[in-house]
Structures are given as structure tokens and as C-alpha cells.
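Remarks on the structure that follows.
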Amino acid sequence: KPSGLPDLALIVSDVDAIAAGVFTTSYVRAACVDYCRERLQKKASARAILVNAGQANAATGEEGWQDALASAQALAEALQISPDSILLASTGVIGRRIKMDALLAGIPTLVESASETGSALAAQAIVTTDLVTKSIALETIIDDRPVRVGGIAKGSGMIHPN
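Written out as C-alpha cells, the structure is:
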């Protein structure tokens, strides 16, 4: 980001995590929306989510789609997992492609710095016009097994999601 704040986030699980999505119906949507919709129709779990901020990769056509595929492939290679275990999210300026050179160069550092305490940095990476992080993490026991749920969110006050 021009501010110098983080613009990439990685959410990673050591095991397959149950995954689901609710998607916009807007025609001006990011390639990651189509990527995740297609991906989750085939497999309802994930091991990692790569999030970029700065360029939404929305309204970028086939080039944006190819950027999404390349991002997932690069992260899969860095984590040594299958690309079908990767989900993607983007936030930022609509109509501009992701700066792929910077994104691909940042993936190794992102993977190396992943930690159990990194959620605050991930939440900071997706802050845009709202300027405030929003995150939560919960853990409970169900049928004698630990269940962990975490979330980070950003504002979307600039446009209606549908």
C-alpha cells in the first residue's frame, strides 16, 4: 500500500478446514469471487487464504482471472499443498490488475512469517477506507473436540455489494 502498511495477508491451517462462501451477485466482481465460487463447488474445505489489498482485481477480464490462478499456484507451491486447497480474496481499486510481480515476490516472506499470533497483521493488511481493524477468534469444545473459528472483516461502504 502507498501508506507502507501491509498489503498481503495469509490465513493458513495445518489441516483441511471446512470452507463455505456467500458471493456477490454484482457483475463488477473480482476474479477471486469467481475463483472461490468455482473452487468451493468442487471442494468444501481449504488450507489457506491469500488476501491482497490495493487492487481488487475486479473488472479485469481474462488477465485478472489468470492473475488469480497464478496467485493460487504460487501460494500452493510455497506451502507445498495442492492449489485446490487455496482460496483468494482481494480488496482495493476496481478496474486495476494486481501488481503480480510484487505479490509473487511477497509470498515467500508471507509464508515464512506465518504464525499463530499473526491475525492482527492479517486484519491490518485488509484495512482500506475504514481505517479500523475488525477481527475475532473463538474456541470451544464440541463432542470432546476443539473447534476454532476466526474472522477478519473490512468495511464496504463505498458500493453496495449486490
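Each residue of the sequence shown is one higher than the one before, starting from 162 at the first, in this note's numbering. Note that CB positions come from ideal geometry on N, CA and C, so glycine has one too. All of these numbers come straight from a predicted model, not from anything done at the bench.
7 Å Cβ cutoff met for residue i and residue j
{"i": "residue 180", "j": "residue 209", "result": "no"}
{"i": "residue 225", "j": "residue 190", "result": "no"}
{"i": "residue 283", "j": "residue 313", "result": "yes"}
{"i": "residue 214", "j": "residue 168", "result": "yes"}
{"i": "residue 315", "j": "residue 287", "result": "yes"}
Residue i, enclosing beta strand (DSSP E) - first and last residue
{"i": "residue 249", "result": "247 to 254"}
{"i": "residue 175", "result": "169 to 179"}
{"i": "residue 216", "result": "206 to 216"}
{"i": "residue 267", "result": "It is not in any beta strand (DSSP E) - residue 267 instead sits in the alpha helix (DSSP H) that spans 261 to 273."}
{"i": "residue 296", "result": "295 to 303"}
Buried or exposed (CB count within 10 angstroms, at least 16 for buried), residue i
{"i": "residue 290", "result": "exposed"}
{"i": "residue 236", "result": "buried"}
{"i": "residue 251", "result": "buried"}
Residue closest to residue i, alpha-carbon to alpha-carbon, out of the options
{"i": "residue 172", "options": "276, 202, 216", "result": "276"}
{"i": "residue 230", "options": "219, 244, 239", "result": "244"}
Opening and closing residue of the alpha helix (DSSP H) in which residue i lies
{"i": "residue 235", "result": "222 to 240"}
{"i": "residue 192", "result": "192 to 203"}
{"i": "residue 314", "result": "Residue 314 -> not in any alpha helix (DSSP H); beta strand (DSSP E) instead, spanning 306 to 314."}
{"i": "residue 283", "result": "280 to 286"}
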